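K.L.:
Before anything else, here's the structure in question.
Number of protein chains: 2
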Amino acid sequence: MRRLRVTVTAALAAVLSIPCGLSAQASPTRQAADHSTTDRWEKAFRAIPDPGRMRRYMERLAARPHHVGSEYDKQNAEWILERFRAWGLDAKIERFDVLFPTPERRVVEMVEPTRFRAKLREPALKADPTSRQQKEQLPTYNAYSGDGDVTAPLVYVNYGLPDDYERLERLGVSVEGKIVIVKYGRSWRGVKPKVAAEHGAVGCIIYSDPRDDGFFGGDVFPKGPMRPDFGVQRGSVMDITQHPGDPLTPGVGATEGVQRQPLEGNPSIQRIPVQPISYGDAQPLLAALGGPLAPPEWRGALPLPYHVGAGPAKVHLAVQSNWDVKPVYDVIARIEGSEYPDEWIVRGNHHDAWVNGAEDPVSGQVALLEEARALGELLHQGWRPRRTIIYAAWDGEEPMLLGSTEWVEQHADELRKHAVAYINSDTNGRGYLRASGSHTLQHFINEVAASIPDPESGLSVLQRRRLAAIARGSKAERTRLRHGGDVRIGALGSGSDFTGFIDHLGVASLNLGFGGEDQGGIYHSIYDDIYWFMHFSDSDFAYGRAMAQTVGTAVIRLADAEVLPYRFTDLAQTVGTYVKQLKELVETQRAKALETNQELDEGVFAATTDPRRPTVAPARAVIPPHLNFAPLDNAVDALTRSAKRYQEARKAARSGGTGGAAGGARPSAVELKRLNELLIQSERRLTDPDGLPGRPWYRHMVYAPGEYSGYGAKTLPGVREAIELKRYDRADAEIVRAAKVLEAEAALVDEAAGMLEDSGGGAR
Amino acid sequence: MRRLRVTVTAALAAVLSIPCGLSAQASPTRQAADHSTTDRWEKAFRAIPDPGRMRRYMERLAARPHHVGSEYDKQNAEWILERFRAWGLDAKIERFDVLFPTPERRVVEMVEPTRFRAKLREPALKADPTSRQQKEQLPTYNAYSGDGDVTAPLVYVNYGLPDDYERLERLGVSVEGKIVIVKYGRSWRGVKPKVAAEHGAVGCIIYSDPRDDGFFGGDVFPKGPMRPDFGVQRGSVMDITQHPGDPLTPGVGATEGVQRQPLEGNPSIQRIPVQPISYGDAQPLLAALGGPLAPPEWRGALPLPYHVGAGPAKVHLAVQSNWDVKPVYDVIARIEGSEYPDEWIVRGNHHDAWVNGAEDPVSGQVALLEEARALGELLHQGWRPRRTIIYAAWDGEEPMLLGSTEWVEQHADELRKHAVAYINSDTNGRGYLRASGSHTLQHFINEVAASIPDPESGLSVLQRRRLAAIARGSKAERTRLRHGGDVRIGALGSGSDFTGFIDHLGVASLNLGFGGEDQGGIYHSIYDDIYWFMHFSDSDFAYGRAMAQTVGTAVIRLADAEVLPYRFTDLAQTVGTYVKQLKELVETQRAKALETNQELDEGVFAATTDPRRPTVAPARAVIPPHLNFAPLDNAVDALTRSAKRYQEARKAARSGGTGGAAGGARPSAVELKRLNELLIQSERRLTDPDGLPGRPWYRHMVYAPGEYSGYGAKTLPGVREAIELKRYDRADAEIVRAAKVLEAEAALVDEAAGMLEDSGGGAR
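As given, the protein sequences belong to chains A and B, one line each in that order. Sequential numbering of the first sequence, starting at 104, is according to this note's numbering. Sequential numbering of the second sequence, starting at 104, is according to this note's numbering.
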């Protein structure tokens, strides 16, 4: 990217003085916006983020509970707005009015064989001042639980995933008419009550097993960072199968006067009551279960034998919410682009929390604020970004991406036209850069990470991350990395504010954050606060600073790039891998189904059941049909070819430039503008306006959150879920649809390559 | 085997009336000892074992504690002797006098940061009558612990294996001068204090983590079968690196007047004090540890974060034993062979226990007793075994195979000449036949298992076991089994009375027992008693009966076989697998060493250490040299060829026989006798009189207990341990030694094949 910028600078010098909203005299280096200049601005930027300031921001933002609808949530939004403005950015608050239930009644009590009433309350701790702000704290609850009052025997179902119910059937236990108790983890929490209800359960209790984020992982709070016995994970269980955002205004911004869906029967609300509890509250319930012993891999860290039930424990569960509409306040700041004001780089992190939220989201928000301040400082020093930069402090992320989704829906048309990329963060900690996102940006984020010093190791962030990947990688992956391959980025599922951008609109996105060195068990509890963060996380904000440097550098490079730095070979290679996985998935399913049926024929299950602990043989398996993957193979081949062609054209432009006088004509300013306008659409090409089967809001054909995994990404989701959910009848059609967007992408990339070749005078 | 018996019967009819100790008139079927006759005797045998009697034997034998040196141990031996005699067997007691330490002083107390004194005592339980016999119970202790009185900081070292100490070093923690606390499991317990002392520890505490046999596995005793909070595993920690058996009389029977080694500096006794404790006693100690958090895979099921220390917990450990010599009483019964009295089938199970020992060893002993009674009954009905059968109820197994080892050493010369096979059992439960042993007997035990009905499934024991192997097996293993391959048997390590037979003398051995359906946590505790067994194990003795039927059938077939049923192709195939594993082991070590060194060069370890939780980079790895496996490859090839030749010769003898008039001469009685005498030596050929490096008592070159795993088998142990322990300098020489015994075996098998071919008139 940056090298091309060097080579075409001379030819472009004329167009760099396009008028912009900022005075020309503040831009002394404008006429020589070459590599070293960009480098200089980047370096100037990276010198600015200040750990001391981040600490003060955190002390301000996390001082009191600031959930949606709270007084302090609004005050924080206004304080952020003030900061943005003070730093010279053009900022405003955009308000949306959204459905946000809060608890009116919560009961979890065991009525048989003994009586026990769950506390459902996190105790204040002497050492931890903000834990005592009990008046302002939201009670422990799962937002968008169904209202209900049920009494039924209890069944333990591990993490509550579809596979867990299959395993339970093998044990001869049904959840029909029962209340299930399941663990947090392995899936997004909203999947748990949904799957429970699909299996006939009448209520769902979710608890945090100490195996997952309690004492098994270390000392508990306040002695250590892990979840104490009565710590509870709040959280939304809105059914995002349909869409995130306000359940009453799907697809449109929840502004005044917009048509709202009825609350009654709203598909985003769970059908059964759901209540989160602590392991302190869970222990008596689990200890009172009889029935078969849970499979070893289901057992947690509580000091008891995990039985599955059903019963003899019988539980009374009652949940009643106040179904109010509440305001959310997105704080939006804008730096107008000097050259391409209609090309937008969007950067966001939410500001609302479940309680004080020092880690989630303030640790990410303080980096965003320092980036904004530093960009303001650069502007003051004379820097003008070529493209428009938008900074967003989202509200209402916790209830289910309300602020970002409503904003995305409200501005959908503009964003489809203008958005180059969205860069998200959420929480931040010590350790390694974790990046997920559009694979067209994989090489870009590797290059950015190479420019950032790691605070602990003395290496660059990329070097450290690469060495960690070598330490953990397979042999093949180690070899690839040692031969200079980029550190791979993961695919995006959901769980933070990138969802609307990438999944609904098809805006190339990245989700960034540091982590991996500190564990914690305070997620969504009252203990996620300043005391915890200053004792057990990035207490000197060294990684807060690294985060601001990383994201800010990415924003500046995107904003100032001559040619937008998408690399399609990475996309083609990654999608090729996904197709390979899908083929293997079907083959694995087929082999497994054939094996199951053969074992049924051989009497394996009958022979291996223990009369004292009988198990039920599985049902006869459906043998997957052979699928026609040819359309996907052809599409991946086409994309691979066009991506290579584009990459060679870019390379030719570079080498043509380095020689100075060599080569033909350079792309003109107009050509460059056309090229970038085309490139902006590249991620949009990966969407289909009809969306995924049964969930049209999700339009991206390469990435989506899983219907039954929630946050976890499903890649080529239409095809993959047809196979995973054994809806083979629709798999071939989904292969064709996925192939179609990839063919469209290949055509776009070919067109872009052609533009470069024509302007570069290359002899093809 | 049995088919051959049919074909050669006519030719052999003349020699079958060899005079024997039993009157001819009691043997009406003697002259027609053909297939159907043998079958009829087997069937008659299998109808005899009676669950009701087994229950009564258990009620007698487990009624009181009966450890070595106790009054009831002697009484049980005398009672067994009486039974054997009452059933018509020629029985006697053989007594040996052996070193058997019992505890005089045991202290485990925490002196810092708080004071806590471990109970070291298993409480009597109301529900469980024999748990109250506290006067007769041995206290909780580890026999052959070093005497000592030490006070030092505590360090937690997982299971106390060599790898665990390597991991601990990576955490920057040393055990030099410390007391270690380690978990039972993953290795034989005696390895734990040995390795601890090698690393400089001054004391060793071993506890039973509830993850391994406590509440994690189910309800605890007396509600369920698992270990309750103050249940303790007693056990010997005699260092069996040198040899099992009496530490004062290595290599010879501990009879009166034999020269005894001094106690002082005896290498079989641990160098540091060792004490076993319950998880109830361990919890306060572990909870008081600081320092790094233990790696996740080290953490158990106690409700606390597992730290490794060292300290701040400081512990006072004192152990003092009474080093008395005590008598052990082996009860030996004999049925003289009618035809080959000098060919012995030996069958044993110990009778001593740590406390009441209903499961260990009485569940196995009651099957042995019913076998003996049933054989007596057959004798009464007129059956006369061709070969001599010896039944042994061993004493002193628990302290470290004292009774069987002294007997083997005492009778070594006779056994080397006469022993055809040794069949061992120890404990027995519900489920699947578990067989380990000499691979020459793999096919034989498969055939036996095919004749035994499984009490639960309605299938044969073999069918059930085969289907379970299919359910659990790899794809390749499933295919092999589905194509009629035998269920594989495991290699023998140590841990029961087969050790002297196979490892010291080279007697082909089998260790048999049913299990897999019931878990338990009462091993070596006062709760291994009748109450536990009748609630949580084979309470109707259905599997006790199956066990007696299985072993008795094996004994009868071995005793009556025309040609001893060793199958050398199984040995050749299995040893070939072992050689393959060794090659892979070196390659894996080499790849790992190269990778470690490359990562050191690249700075991976420096890059991935967390300054708040620093780790230490590993030392530069030694790259394994390339070894010359050719001698082993050649030896396996030779054995494979000769085994095939032998098998074909056997087949030819069979087909020659089935045709009746077809084929040439049959082996004469003299030829058969010579053949069997040769075959008896086949397992002996696998031994080397110099024994394994550093432990000459262990003479078998194919199977041995591991120097650092204890009970776990090491196959081709001289070579394997040279590689595993990175003593590469001796690996090539060990390959040659192992190859030599395999070549000798091949020569023996060739000779046997030649004998068959000559006698069968086959044209080779």
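Note that CB positions come from ideal geometry on N, CA and C, so glycine has one too. The structure displayed is predicted, hence computed values, not measured ones.
Helix, strand or coil for alanine 129 of chain B per DSSP?
P.N.:
As a first step, residue 129 of chain B must be located in the second sequence, where it is residue number 26. In this prediction, alanine 129 of chain B has a pLDDT of 33, which is less than 50 and means its spatial position is unreliable; nothing more can be read from the coordinates.
K.L.:
Below 8 Å, how does it come out for the segment 273–290 of chain A and the segment 449–466 of chain A: are there three or more Cβ pairs, yes or no?
P.N.:
No, because fewer than three Cβ pairs between the segment 273–290 of chain A and the segment 449–466 of chain A fall closer than 8 Å, the two stretches do not touch.
K.L.:
Should valine 422 of chain B and serine 311 of chain B be called a contact, given that it needs their Cβ atoms to be closer than 8 Å?
P.N.:
The residue given as residue 422 of chain B occupies position 319 in the second sequence. The residue given as residue 311 of chain B occupies position 208 in the second sequence. No, they are not a contact pair.
K.L.:
Taking arginine 567 of chain A as the query, report the chain B residues whose CB atoms sit under 8 Å from its CB, ordered along the chain.
P.N.:
As a first step, residue 567 of chain A is located in the first sequence; it is residue number 464 there, counting from the start. Going along chain B in sequence order, the residues near arginine 567 of chain A (Cβ under 8 Å) are Ala710 and Thr711.
K.L.:
Go ahead and label arginine 715 of chain B buried or exposed: buried means 16 or more other beta carbons lie within 10 angstroms of its beta carbon, across all protein chains shown.
P.N.:
The residue you call residue 715 of chain B lines up with position 612 of the second sequence. By the neighbour-count rule (16 or more Cβ atoms within 10 Å), arginine 715 of chain B is not buried but exposed.
K.L.:
Compare the C-alpha of lysine 238 of chain A against each of A:Glu174, A:Ser139, A:Ala246 and A:Ile826 and name the closest.
P.N.:
Position 135 of the first sequence, counted from the first residue, corresponds to residue 238 of chain A. Nearest of A:Glu174, A:Ser139, A:Ala246 and A:Ile826 to lysine 238 of chain A, Cα basis: A:Glu174.
K.L.:
Cβ of leucine 570 of chain A less than 8 Å from any chain B Cβ?
P.N.:
Residue numbering aside, residue 570 of chain A sits at position 467 when the first sequence is read from its first letter. Yes, leucine 570 of chain A counts as interfacial toward chain B.
K.L.:
Which partner residues of glycine 479 of chain A appear in the DSSP bridge assignment?
P.N.:
Along the first sequence, read from residue 1 onward, the residue named residue 479 of chain A stands at position 376. DSSP lists no partner for glycine 479 of chain A.
K.L.:
To the nearest angstrom, how far is the alpha carbon of threonine 691 of chain A from that of glutamine 566 of chain B?
P.N.:
Locating residue 691 of chain A in the first sequence gives position 588, where the first residue counts as 1. Locating residue 566 of chain B in the second sequence gives position 463, where the first residue counts as 1. Computed Cα separation, rounded: 28 Å.
K.L.:
Are proline 796 of chain B and glycine 821 of chain B touching if we call contact CB-CB under 8 Å?
P.N.:
Within the second sequence, residue 796 of chain B is the residue found at index 693, counting from 1. Within the second sequence, residue 821 of chain B is the residue found at index 718, counting from 1. Cβ distance < 8 Å, so proline 796 of chain B and glycine 821 of chain B count as in contact.
K.L.:
By how many angstroms is the C-alpha of threonine 653 of chain A removed from the C-alpha of proline 242 of chain A?
P.N.:
Taking the first residue of the first sequence as 1, we reach residue 242 of chain A at position 139. Taking the first residue of the first sequence as 1, we reach residue 653 of chain A at position 550. For proline 242 of chain A and threonine 653 of chain A, the distance between alpha carbons rounds to 36 Å.
K.L.:
Taking beta-carbon pairs under 9 Å, can you tell me which members of the segment 387–418 of chain B lie near chain A?
P.N.:
Listed by position along the chain: Leu396, Pro399, Arg402, Ala404, Leu405, Pro406, Leu407, Pro408, Tyr409 and His410.
K.L.:
Using beta-carbon positions only, say whether serine 371 of chain A and glutamine 345 of chain A come within less than 8 Å of one another.
P.N.:
Taking the first residue of the first sequence as 1, we reach residue 371 of chain A at position 268. Taking the first residue of the first sequence as 1, we reach residue 345 of chain A at position 242. Result yes, Cβ atoms of serine 371 of chain A and glutamine 345 of chain A sit closer than 8 Å.
K.L.:
Please confirm if phenylalanine 601 of chain A has its CB atom under 8 Å from at least one CB of chain B.
P.N.:
Here residue 601 of chain A is taken as the residue at index 498 of the first sequence, counted from 1. Cβ-Cβ to chain B under 8 Å: no for phenylalanine 601 of chain A.
K.L.:
Name, in chain order, the residues that DSSP records as bridge partners for glutamine 423 of chain B.
P.N.:
Here the question's residue 423 of chain B lines up with position 320 in the second sequence. Paired residue(s): B:Arg208.
K.L.:
State yes or no: is the C-beta of proline 379 of chain B nearer than 7 Å to some heavy atom of the ligand SAM?
P.N.:
This structure does not include the ligand SAM; it has no bound ligands of any sort.
K.L.:
Is it the case that the segment 539–558 of chain A contacts the segment 637–653 of chain A, given that we only count it when at least three CB pairs across the two stretches are under 8 Å?
P.N.:
Touching, yes.
K.L.:
Pull up the distance between the alpha-carbon of phenylalanine 604 of chain B and that of arginine 568 of chain B, whole angstroms please.
P.N.:
Against the second sequence, residue 604 of chain B aligns to sequence position 501. Against the second sequence, residue 568 of chain B aligns to sequence position 465. Using only the alpha carbons, I get a separation of about 27 Å.
K.L.:
For glutamate 474 of chain A, which option in A:Ala841, A:Glu846, A:Ala147 and A:Asp861 has the closest C-alpha, if you only look at C-alpha atoms?
P.N.:
For the purposes of this step, residue 474 of chain A is taken as the residue at position 371 of the first sequence. It is A:Ala147 whose Cα lies nearest to the Cα of glutamate 474 of chain A.
K.L.:
Based on the DSSP secondary-structure assignment, which residues constitute the bridge partners of tyrosine 310 of chain B?
P.N.:
Residue numbering aside, residue 310 of chain B sits at position 207 when the second sequence is read from its first letter. B:Lys286 and B:Ile380.
K.L.:
So valine 323 of chain B packs on methionine 329 of chain B, CB below 8 Å; how close in whole Å?
P.N.:
As a first step, residue 323 of chain B must be located in the second sequence, where it is residue number 220. As a first step, residue 329 of chain B must be located in the second sequence, where it is residue number 226. Contact holds; Cβ gap of about 5 Å.
K.L.:
Can the beta-carbon of glutamate 212 of chain B be found less than 8 Å from the beta-carbon of serine 424 of chain B?
P.N.:
Translated into the one-based positions of the second sequence, residue 212 of chain B becomes position 109. Translated into the one-based positions of the second sequence, residue 424 of chain B becomes position 321. Going by C-beta atoms, glutamate 212 of chain B is not nearer than 8 Å to serine 424 of chain B.
K.L.:
So if DSSP puts isoleucine 196 of chain B in a beta bridge, which residue, or which two residues, is it bridged to?
P.N.:
By 1-based counting over the second sequence, the position of residue 196 of chain B is 93. Bridge partners of isoleucine 196 of chain B: B:Val434.
K.L.:
Counting only Cβ pairs nearer than 7 Å, list the residues of chain B close to valine 707 of chain A.
P.N.:
Position 604 of the first sequence, counted from the first residue, corresponds to residue 707 of chain A. Ordered by position in chain B, the residues that pass the 7 Å Cβ test against valine 707 of chain A are Leu570, Ile573 and Ala574.
K.L.:
On a Cα-Cα basis, can you pick out the residue from A:Arg748, A:Pro727 and A:Leu257 that is closest to arginine 670 of chain A?
P.N.:
Numbered from its first residue, the first sequence carries residue 670 of chain A at position 567. It is A:Arg748 whose Cα lies nearest to the Cα of arginine 670 of chain A.
K.L.:
Comparing C-alpha positions only, which one of A:Ala836, A:Gln750 and A:Ala746 sits nearest to glutamate 848 of chain A?
P.N.:
Here the question's residue 848 of chain A lines up with position 745 in the first sequence. Per the Cα distances, A:Ala746.
K.L.:
On a CA-only basis, which of B:Glu837, B:Glu550, B:Ala227 and B:Ala522 is nearest threonine 656 of chain B? Give me that one, please.
P.N.:
Indexing the second sequence from 1 puts residue 656 of chain B at position 553. Among B:Glu837, B:Glu550, B:Ala227 and B:Ala522, the Cα nearest to that of threonine 656 of chain B belongs to B:Glu550.
K.L.:
Around the Cβ of serine 577 of chain A, are there at least 16 other Cβ atoms within 10 angstroms (buried) or fewer (exposed)?
P.N.:
Position 474 of the first sequence holds residue 577 of chain A. Exposed.
K.L.:
Please confirm whether threonine 543 of chain B and glutamate 786 of chain B have their CB atoms less than 8 Å apart.
P.N.:
For the purposes of this step, residue 543 of chain B is taken as residue 440 along the second sequence, with counting starting at 1. For the purposes of this step, residue 786 of chain B is taken as residue 683 along the second sequence, with counting starting at 1. Yes; because the gap between Cβ atoms is below 8 Å, this pair is in contact.
K.L.:
Can the beta-carbon of lysine 417 of chain B be found closer than 8 Å to that of threonine 217 of chain B?
P.N.:
Sequence index remark: in the second sequence, residue 417 of chain B carries index 314 (1-based). Sequence index remark: in the second sequence, residue 217 of chain B carries index 114 (1-based). In this structure, threonine 217 of chain B does not lie closer than 8 Å to lysine 417 of chain B by Cβ.
K.L.:
Taking 8 Å as the CB-CB limit, is serine 554 of chain A close to chain B?
P.N.:
Reading the first sequence from its first residue, position 451 is the one you call residue 554 of chain A. By this cut-off, serine 554 of chain A is not an interface position.
K.L.:
Might you give, ordered along the chain, the residues of its own chain that have their beta carbon closer than 8 Å to the beta carbon of proline 464 of chain A, omitting 5 neighbours on each side?
P.N.:
Within the first sequence, residue 464 of chain A is the residue found at index 361, counting from 1. Answer for proline 464 of chain A: Asn452, His453, His454, Asp455, Ala456, Glu500, Asp529 and Thr530, listed in chain order.
K.L.:
Spatial neighbours of proline 395 of chain B within its chain, please: CB distance less than 8 Å, with the 5 preceding and 5 following residues excluded, ordered by chain position.
P.N.:
On the second sequence, position 292 is the one that residue 395 of chain B refers to. The residues are Leu274, Gly275, Val276, His410, Val411 and Arg716.
K.L.:
For alanine 470 of chain B, count neighbouring C-beta atoms within 10 Å of its own C-beta (all shown protein chains included) and say buried if the count is 16 or more, exposed if not.
P.N.:
Sequence index remark: in the second sequence, residue 470 of chain B carries index 367 (1-based). By the neighbour-count rule (16 or more Cβ atoms within 10 Å), alanine 470 of chain B is buried.
K.L.:
For isoleucine 448 of chain B, list the residues DSSP reports as bridge partners.
P.N.:
In the second sequence, the residue the question calls residue 448 of chain B occupies position 345. Bridge partners of isoleucine 448 of chain B: B:Ile492 and B:Ala524.
K.L.:
Relative to the alpha-carbon of glutamate 665 of chain A, which residue among A:Pro415, A:Leu697, A:Ser441 and A:Ser612 has its alpha-carbon at the smallest distance?
P.N.:
As a working mapping, residue 665 of chain A is identified with position 562 in the first sequence. Of the listed residues, the one whose Cα sits closest to glutamate 665 of chain A is A:Ser441.
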